[in-house]
Amino acid sequence: MFGLETLSGSAEAAATVGVVFVEALALYVGYGAITGAVGSAVVRAVGGE
Amino acid sequence: MELFGLSLVLLGVFVGFGLLVGILFGFFGMGGSFLVTPALLVMGYPSTVAVGSGLAFVFGTSVIGALRHRDHGQVDYKLAAIMIVAMTLGIEAGKNVVFVLDATGAADLVISAAYVGLLGVVGLFTLRDARTNDDSDGGDGAAGGDLADRVRSIHLPPMVTLRDGGRVSAVVVVAVGVAVGVLSGFLGVGGGFLLMPAMIYGLGVPAAIAVGTDILQITVSGAFGAFTYARAGSIALPVVGALLTGSALGARVGAGATQFVDDEEIKGYFAAMLLAGSLAVAAKELGAAYGIPAFTAASTALIFGSAFVVSAAILLVAVCELRADRRTRWCRVVLP
Numbered sequence: 088m089f090g091l092e093t094l095s096g097s098a099e100a101a102a103t104v105g106v107v108f109v110e111a112l113a114l115y116v117g118y119g120a121i122t123g124a125v126g127s128a129v130v131r132a133v134g135g136e
Numbered sequence: 278m279e280l281f282g283l284s285l286v287l288l289g290v291f292v293g294f295g296l297l298v299g300i301l302f303g304f305f306g307m308g309g310s311f312l313v314t315p316a317l318l319v320m321g322y323p324s325t326v327a328v329g330s331g332l333a334f335v336f337g338t339s340v341i342g343a344l345r346h347r348d349h350g351q352v353d354y355k356l357a358a359i360m361i362v363a364m365t366l367g368i369e370a371g372k373n374v375v376f377v378l379d380a381t382g383a384a385d386l387v388i389s390a391a392y393v394g395l396l397g398v399v400g401l402f403t404l405r406d407a408r409t410n411d412d413s414d415g416g417d418g419a420a421g422g423d424l425a426d427r428v429r430s431i432h433l434p435p436m437v438t439l440r441d442g443g444r445v446s447a448v449v450v451v452a453v454g455v456a457v458g459v460l461s462g463f464l465g466v467g468g469g470f471l472l473m474p475a476m477i478y479g480l481g482v483p484a485a486i487a488v489g490t491d492i493l494q495i496t497v498s499g500a501f502g503a504f505t506y507a508r509a510g511s512i513a514l515p516v517v518g519a520l521l522t523g524s525a526l527g528a529r530v531g532a533g534a535t536q537f538v539d540d541e542e543i544k545g546y547f548a549a550m551l552l553a554g555s556l557a558v559a560a561k562e563l564g565a566a567y568g569i570p571a572f573t574a575a576s577t578a579l580i581f582g583s584a585f586v587v588s589a590a591i592l593l594v595a596v597c598e599l600r601a602d603r604r605t606r607w608c609r610v611v612l613p
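These protein sequence lines map, in sequence, to chains A and B. Going letter by letter, the first sequence gives residues 88 to 136 in this note's numbering. Going letter by letter, the second sequence gives residues 278 to 613 in this note's numbering.
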């Protein structure tokens, strides 16, 4: 999975933790950008303005 | 069609469940990992994979939490360093217990029983808290202060000077860290629900410093926990990835809802959800032990259904408050 199985033991484990870390960073940045762009408009729309 | 070894439907289920868990975590500031490991157990994942994946999820959410708090997080680095070392030892011990139990074939039963107890106890405490707040506004800060004073009066060397100038025995800090670490490694939870009260009421750490220190500790120890389970091949990475994708968005929605919703209005629902989670894990074990498919189905419905109902209640109250609407039928259902 994700090519990690070619690594062995601790290297594969470190790569697994690394994948989770990178995904968390990407999600933080990505959702942050989306929230900044459309967040207040969504809140206004939900609020019926 | 499959993606990363999971069917698209299952992938969608995990993203959706992650979204619900994220809303709950973002809103209540706790409970992010309470439901992930039990849900994986209920879905039939081996206990080692359920716990390992739970810890990897905890790591991912705490990285995002650390990024969100980086601007205003105050950290007691000395306390964090001691706690991290102690928690790491505890996590390793907890993981070893899981694998010993797994070798004897008792891991599913013991971990499920532990979750039934944990979710039941935390659920009952939350329910009591919600009812107490309904009855009075009385604070319990004095009791916490007394406990912290008593803990700080323990002169068991070496003593550590905390960031606020108070001194506490390193032995006490290590004992708390090891205990939380064992629980974390054994159940796949972050342990924030224990660390925060232990630091604030037990060690007398100011709340603002406790929040920042808690996030740093859980991020580092979560990384270690995920690493140690990954080394044993016990992390379902696509499942963790899908859960994180949903929860990172849900956490923003849940945190946003705190601006409009008083968490005391929802706390009773949250307690009910934790108790439902406890029942779900018990039903799954009973269903498996006695071959009753209805129990297994009920456990799935309970754990996913309760998370859905509480998340929906949070969103509904937020919408009602935003629209200043307390008269619509749905708003009357969720608002007191």
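The C-beta atom is built at its ideal place from N, Cα and C for all residues, glycine as well.
Requested in this report: Could you tell me how far apart the beta carbons of Val375 (chain B) and Ile388 (chain B) are, in whole angstroms, since I believe they sit closer than 8 Å?
Outcome: Confirmed, about 7 Å.
Query - Rounded Cβ spacing between Val594 (chain B) and Glu542 (chain B) (contact assumed at less than 8 Å) - result: Right, their Cβ atoms sit about 6 Å apart.
**Report entry** Interface flag, Ile486 (chain B) vs chain A, CB-CB below 8 Å
**Finding:** Taking a beta-carbon distance threshold of 8 Å, Ile486 (chain B) does not count as an interface residue toward chain A.
Query raised in the report: Which class does Thr535 (chain B) belong to by DSSP, given the choice of helix, strand or coil?
Result: Coil at Thr535 (chain B), not helix or strand.
Query raised in the report: Are any of the Cβ atoms in chain A nearer than 8 Å to that of Phe504 (chain B)?
Result: Interface residue, yes.
Requested in this report: Please determine, among B:Ala532, B:Gly510, B:Glu369, the residue with the shortest C-alpha to C-alpha distance to Ala101 (chain A).
Outcome: Ranked by Cα distance from Ala101 (chain A), the options B:Ala532, B:Gly510, B:Glu369 are led by B:Gly510.
Query - Leu301 (chain B), DSSP secondary structure in three states - result: Here Leu301 (chain B) sits in helix by DSSP.
Query raised in the report: Under the rule that 16 or more other beta-carbon atoms within 10 Å means buried, what is Gly123 (chain A), buried or exposed?
Result: Gly123 (chain A) is exposed by the Cβ-count criterion.
Report task. Whole angstroms is fine: what's the gap from Val450 (chain B)'s alpha carbon to Ser430 (chain B)'s? Result -> Straight through space, the alpha carbons of Ser430 (chain B) and Val450 (chain B) are spaced by roughly 13 Å.
Requested in this report: Would you mind telling me which residues of chain A sit closer than 9 Å to Thr522 (chain B), beta carbon to beta carbon, in chain order?
Outcome: Going along chain A in sequence order, the residues near Thr522 (chain B) (Cβ under 9 Å) are Glu110, Leu114.
Query raised in the report: Can you pull the DSSP bridge partners for Met364 (chain B)?
Result: Paired residue(s): none; Met364 (chain B) is not in a bridge.
Report task. Please indicate yes or no: does the CB of Gly282 (chain B) lie closer than 7 Å to some heavy atom of the ligand COA? Result -> The model on display carries no ligand, and the ligand COA is accordingly not part of it.
Requested in this report: Tell me whether Glu136 (chain A) is buried or exposed, calling it buried when 16 or more other Cβ atoms sit within 10 Å of its Cβ.
Outcome: Label assigned to Glu136 (chain A): exposed.
Query raised in the report: In its own chain, which residues sit with a C-beta less than 8 Å from the C-beta of Ala605 (chain B), not counting the 5 before and 5 after it?
Result: Checking the sequence, you will find Thr at residue 605 (chain B) rather than Ala. The residues are Cys597.
Query raised in the report: Helix or strand or just coil, what does DSSP make of Leu280 (chain B)?
Result: Looking at Leu280 (chain B) - three-state DSSP - the assignment turns out to be strand.
Query raised in the report: Is the CB of Gly418 (chain B) under 8 Å away from at least one CB in chain A?
Result: Bear in mind that a pLDDT of 41 at Gly418 (chain B), under 50, signals an unreliable position, so the number given afterwards is only what the model happens to contain. Under the Cβ distance rule, Gly418 (chain B) does not count among the residues neighbouring chain A, no pair being separated by less than 8 Å.
Query raised in the report: Under 7 Å Cβ-Cβ, which residues of chain B neighbour Ser97 (chain A)?
Result: Neighbours of Ser97 (chain A) on chain B, chain order: Arg508.
Query raised in the report: Taking 8 Å as the CB-CB cut-off, is Val125 (chain A) touching chain B?
Result: Taking Cβ atoms only, chain B never reaches closer than 8 Å to Val125 (chain A), which makes this a no.
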